[in-house]
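Worksheet: the structure to be examined is printed underneath.
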Amino acid sequence: MEPETDLPSVDKVISCWFYKYALVVYTYRWLFLVVPCVMAAILAAGLYFRPLRTRPNSVETFTPTDGPSYYEKAVINDQFPLVQNRFIPGKFFSAKHWIQLVIRPKDGKTVLRPEILNATSQLNEFIMDRFQIFSTSRNQTVGYKDLCLTWFGSCYDNGHIELFKQREGISKYVDITYPVARSVDSPLYLGTLIAGVRVIDDDGHFDYATSIRLSYNLKEWPASIDQDSSAWKWELQHYISNEYSSAEIEAVIWHGGSINEGLKENVDIVLPNFGFSYLVLTVFCSLTNVMLKADNGVYKIDWIKSKPLVGILGVVSAALAVVISLGFLLLVGLEYVLINSVMPILVVSVGVSDMFIMISAWKETDDSLPTEKRLAQALADAGVAITITSVTDVVSFLVGAWSTFPAVTSFCIYTALAMTLDYTCQITFFAAVMAFFGNFEAERRHCLFPWIIIKENNNSAVKSSDDVHMTENSGKMLFAEGVANVATSSDGAPNYTLSRCELKEKRKIPLEKRCSKAESVSSTFFQKYYGHCLFHPAVKVVVCFLYLIYIGLAIWGCIVIKEGLRPADLVHKNHYVTKFYKLSRDFRNCGMQVHILVNNPPDLSVAENRQRVLDMVHAFEGSAFTMGSNGTVFFLNEYLNYLNSLGAAIMDTDKFWSDDLLNWIRFNGARPLWETDIVWSHPSNNGSSRGRIKAFRFQIGLLKFNTAAEQVKTAKFLRTTAAKYADMNVTTYHEFWPHVDQYMSIAPTTWRNLGISFCSMIVIAFILIPNLYCGLFITLSMLSINVGVYGYMSHWDVNLDCISMITLIMSIGFAVDLSAHISYGYICAKGSTSQRAIRSLQLLGYPVLLSGLATVLGVSVLSRVPVPMIVTFFKTVFLVIMLGILHSHLFLPVSLTIFLPNTVKSNHSARMFSFVKNIFSKIIHKSAQFKSNHFFKNGLSKTSNNDSRKNGNNSQSLFDISSSETHNEIDSLLWRCSNRRSRN
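Numbering (full-length UniProt numbering), first residue to last: 1 to 984.
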């Protein structure tokens, strides 16, 4: 055989492969139907491992793995580990069983009134003394004082309540000022204990506060104590949230397991929506696959050619992909994050779009052909389209998996595999379904009850759908129409989904018959009404004006968009954490403390070193983000003030700054504070009994620490200031630092992934659709859609966070899906600019619309979920689909008629690809010669010829696309398309 001299394009290769593959599917249709179901049944066992694959601390999944907060927290926990009998609240960050209560008066007035403080004191005493649970390990009841972390045996008792109750009587001994109250030698930081303070003089005295905070901290070892502490914590949460009531005060609670609990409750809220989402999609897919026929001017359902059960099984096909992907990844041990609970809804909603394309291609086949030929033509028609949509979607999620956020990585891996398996199930399970129902149609079986055979009768209502005449006023029947055409138009204008390998047989169909098949309510609407209206010069001007408004509002939204996923957004709206986060806002506005840890302090016995340390402290204090020196708690300041009050000389000796300092701490009223702020080295030969200071820390009060932007600015300032003192190895830490890392990383990660995904989509579009100008308009459409999604998120009160980042990346793949069909259809059509655009919409507008509507309907159930994180997911997916449809059906067709008014430009693209094709043809020619010589030398050619004679003409390999007949058909098609462009 002569070597082939033509280089087949990728879409030609895919189409021919699908044609031959479909014949295999038809032959072994039972196997292709049963195997996916068996795999789903087996791998469904992996769902049992979902709780085991879920990270205990789910909050960490929304923190970037390269965030500095991991290192900062590890450093402070290493220097100051939790000791259960040397505990001070607010000093340790590895404690597991911590509980916080915020108390506010119900009337909204000051919390410092006696009746409010008395009610708060009664609640505190009840919790500490009388709130108990039964311990199975001890076989008795236990309470707070049995489980609490202590300072040498004494539980922390929220003594600031009594301080405020007796503030008038003890004013001679304690100067109660904000943010630090002071006795003779002991500071008491009040910034984290009361909030909404109104200061009445320069000294910091106050007469008003909105909230008061209580804290309870429990032991976590040994294991029996840990179990009791956990049970006591959850029982207290239940009591405060559901049972406690008071006429004077309102109490809200937050503890170490609250966010994780809220995330798990989200799953319980989302899961029931699976059934409703699948039901909506099932009804939608079944109704859109009902066909009508005309009988004496009356429209009736064609019970033979309608495919409602096929639509239902299309949803089942996507559901099988979800089960297989989830089960497999859980079995192999991939981490599962709770946001993955929305993945099944998304995959099924998106997955049914392939079904619409395949059924549409089936309806374009000649119903006089055998079922296997019709299936082959249908898959050849739809193969390229579903491959493009699947590849772009999968690549988008694979790019998203390259993220530092564990939640995003896990979600994208699970979804990418599910999308891949959905594609696989479509061309296996669903293709087998089409084969069976194709036989049912050929045997004239009822579409709902296949065991009923409808006999052909001249008086029967059963007629070929080719005889159905759809009138112009039949738009009311649109809801019951099958999906519209995706394949070749009646005038021969092809798109990339045309059946290439069976072109000769398809051309045998009479032109009139093919025209009648193409006429439908949807095509009539797009051709005679929508298209003629849209491409009127005045309407095009209006569309251009609307686009300017669209893009202007989008850019404005991009500029003002907010960033960050707040802790309260992770749980549902009725969760107690949401209420706590709202009522604790005043604490974030003023008073929260950040810890500054000096890991390599200089020798404090040297005066210059002490001054350098104080200069560092002043650098942290001198900012709009901190409360100044009034909010600083530092042992060195207190020690120097103590020495100055005595008039004592400050000695520059090791003993003075070790033994003498240690003695001052031991006999100071604030001993617990200072002992938990200093790490001593082992004794040395310097004459001291204790050694030098190995590390120390101090705390600084924060201002304006409420919003994500404020927290980011504060963290940047503190970290930048710490970096200036690298010789002292300064580390900063606050419990909000993991959230701040998310806020700071989300934008760079999003833009990086968007850029990679954007470039990947351009490459894929050019490979699968080798047309320069088509690729250009697809690129511009992708850019416009993504700017719109990004900007309109802001207008819809959606922040840029982990959830919206996922859908932004996903939107690029969807943009390719929606814009590729229209762009390529326009370029390949013939006629004037308006005629070409109308033809593209006539053929592709309805299936593209159906695909988008199916996705929106599927995820619409998420809009009912009272979880801000899940609603964000719905909003962003909704924006992606609706803006994609807006572009594909409005902005893109108009822009094509304006900026690509003739086909001469397309010929330039064709000549460019022809040039590349000729180069590679020579390479293939040489390669084929070498291959032929190699086969003959090894005696393989003879064997191959014998096998061919034994098996007949059908022995051609499934993957062999080089047959002369196949290439002649494909070349004929490409030649016709090229000639049409040149004639125009």
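Backbone N, C-alpha and C define an ideal beta-carbon position, used for all residues, glycine too.
(message) Quick check: the Cα distance between V384 and I14, rounded to an integer number of angstroms?
(response) Approximately 6 angstroms between the Cα atoms of the pair.
(message) My output table needs one value for D302: the three-state DSSP class, helix, strand or coil.
(response) DSSP, read as helix, strand or coil, puts D302 in coil.
(message) At the level of alpha carbons, what is the spacing between L661 and E608?
(response) Roughly 18 angstroms between the two C-alpha positions.
(request) Classify F899 as helix, strand or coil using the three-state DSSP reduction. (result) In this structure, F899 counts as helix in the three-state DSSP scheme.
(message) Measuring CB atoms only, is the segment 837-851 touching the segment 788-806, in the sense that at least three cross pairs come out at less than 8 angstroms?
(response) Touching, no, given that fewer than three Cβ pairs across the two stretches are closer than 8 angstroms.
(request) Give me whichever residues DSSP pairs with H595 in a beta bridge. (result) Answer is Q699 and Y733.
(request) Take the Cβ of H97 as the centre, count every other Cβ of all protein chains shown within 10 Å, and call the residue buried at 16 or more, exposed below. (result) With 16 or more other Cβ atoms within 10 Å, it is buried.
(message) Between which two residues does the beta strand (DSSP E) holding W98 run?
(response) From DSSP, the beta strand (DSSP E) with W98 extends over H97 to P105.
(request) Could you tell me whether the segment 62-72 touches the segment 542-554, using the rule of 3 or more Cβ pairs below 8 angstroms? (result) The way I'd put it, the segment 62-72 doesn't touch the segment 542-554; fewer than three beta-carbon pairs between them come closer than 8 angstroms.
(message) Using a Cβ-Cβ cutoff of less than 6 angstroms, which residues in the same chain neighbour F356 once the five nearest sequence positions on both sides are dropped?
(response) Cβ within range, chain order: V483, P847, L850 and S851.
(request) Mind the definition here: the segment 77-90 touches the segment 228-238 only if three or more C-beta pairs lie below 8 angstroms; say whether that holds. (result) The segment 77-90 vs the segment 228-238: no contact.
(message) Rounding to the nearest angstrom, what Cα-Cα distance links L940 and G351 in this structure?
(response) For L940, the pLDDT reaches just 36, beneath the cut-off of 50, and the residue's location in the model is therefore unreliable, although a value from the coordinates is still provided. If I take the Cα positions, the gap works out to 44 angstroms.
(request) Taking 8 angstroms as the cut-off, decide whether the C-beta atoms of N600 and N729 are in contact. (result) In contact: N600 and N729 (Cβ atoms closer than 8 angstroms).
(request) Can you grab the Cα-Cα spacing for the pair F91 / R671, in whole Å? (result) Looking at the sequence shown, residue 91 is not Phe but Lys. Their backbone Cα atoms lie some 14 angstroms apart in a straight line.
(request) Could you pull the start and end residues of the alpha helix (DSSP H) that L800 belongs to? (result) No alpha helix (DSSP H) contains L800, which DSSP labels as neither H nor E.
(message) Here's the rule: buried if 16 or more other CB atoms are within 10 angstroms of the residue's CB, otherwise exposed. What is F18?
(response) Around the beta carbon of F18, a 10 Å sphere encloses 16 or more other beta carbons of the protein chains shown; the residue is thus reported as buried.
(message) Could you tell me the alpha carbon to alpha carbon distance between residue 1063 and N57, rounded to whole angstroms?
(response) This structure does not reach residue 1063, given that the chain is present from 1 up to 984, and the question cannot be answered.
(message) Residues in the same chain with beta-carbon distance under 6 angstroms from C425, minus the five sequence neighbours each way, listed in chain order, please.
(response) Excluding positions up to five away in sequence, the list reads P36, S317, L320 and A321.
(message) Buried or exposed for H821, going by 16 or more other Cβ atoms inside 10 Å?
(response) Buried.
(request) List the residues that DSSP assigns as beta-bridge partners of W254. (result) Beta bridge pairing from DSSP links W254 with Q100.
(request) Report the residue ranges of all alpha helix (DSSP H) runs contained in full by the segment 342-374; include only those spanning at least 4 residues, in chain order. (result) For the segment 342-374, whole alpha helix (DSSP H) runs of length 4 or above, ordered along the chain, are 343-363.
(request) Please name the residue or residues paired with W151 in a DSSP beta bridge. (result) Partner(s): R86 and S154.
(request) Any chance you could list the alpha helix (DSSP H) runs of at least 4 consecutive residues sitting entirely within the segment 151-193, in chain order? (result) With a minimum length of 4 residues, the continuous alpha helix (DSSP H) runs that stay inside the segment 151-193 are 160-165.
(request) Please name the residue, chosen from I827, E710, S840 and A568, that lies closest to W254 on a Cα-to-Cα basis. (result) Closest by alpha carbon: A568.
(request) Decide if residue 1003 is buried, meaning its Cβ has at least 16 other Cβ atoms within 10 Å, or exposed. (result) Here the chain comprises residues numbered 1 to 984, so residue 1003 is not present and cannot be evaluated.
(message) Let me check one thing: in DSSP terms, what residues is K455 bridge-paired to?
(response) Note: K455 sits in no beta bridge, so no partner.
(request) Could you tell me which residues DSSP puts in a beta bridge with C590? (result) DSSP, once it has assigned bridges, lists L703 as partnering C590.
(message) Applying the 10 Å Cβ sphere with the 16-neighbour rule, what's the burial state of Y173?
(response) Its Cβ having fewer than 16 others within 10 Å, Y173 is exposed.
(request) Spell out the partners DSSP gives T676 in its beta bridges. (result) Under the DSSP definition of a beta bridge, T676 lacks any partner.
(message) Is it buried or exposed, A247, if we count other Cβ atoms within 10 angstroms and call 16 or more buried?
(response) Using a 10 angstroms sphere on the CB of A247, the tally of other CB atoms stays under 16, which defines it as exposed.
(request) Just confirm the distance between the C-beta atoms of T120 and I249, as a whole number of angstroms; I'd bet it's less than 8 angstroms. (result) With 8 angstroms as the limit, T120 and I249 qualify as a contact, their Cβ atoms being about 6 angstroms apart.
(request) Quick one: using the 10 Å Cβ neighbour count with 16 as the cut-off for buried, is R130 buried or exposed? (result) With fewer than 16 Cβ atoms within 10 Å of its Cβ, R130 is classed as exposed.
(message) Quick check on the DSSP output: the beta strand (DSSP E) that includes N609 runs from which residue to which?
(response) In the DSSP assignment, N609 falls outside any beta strand (DSSP E) and within the unbroken alpha helix (DSSP H) covering A607 to E621.
(message) Let's see if you can read the secondary structure: which residues bound the alpha helix (DSSP H) around F18?
(response) V10 to T27 is the extent of the alpha helix (DSSP H) around F18.
(message) Alpha carbons only, please: which of D185, E220 and T177 is nearest the one belonging to D201?
(response) Distance check between D201 and each of D185, E220 and T177 places T177 closest, using alpha-carbon atoms only.
(message) In whole angstroms, give me the CA-to-CA distance for T371 and K363.
(response) Each residue's Cα considered, the two are about 12 angstroms apart.
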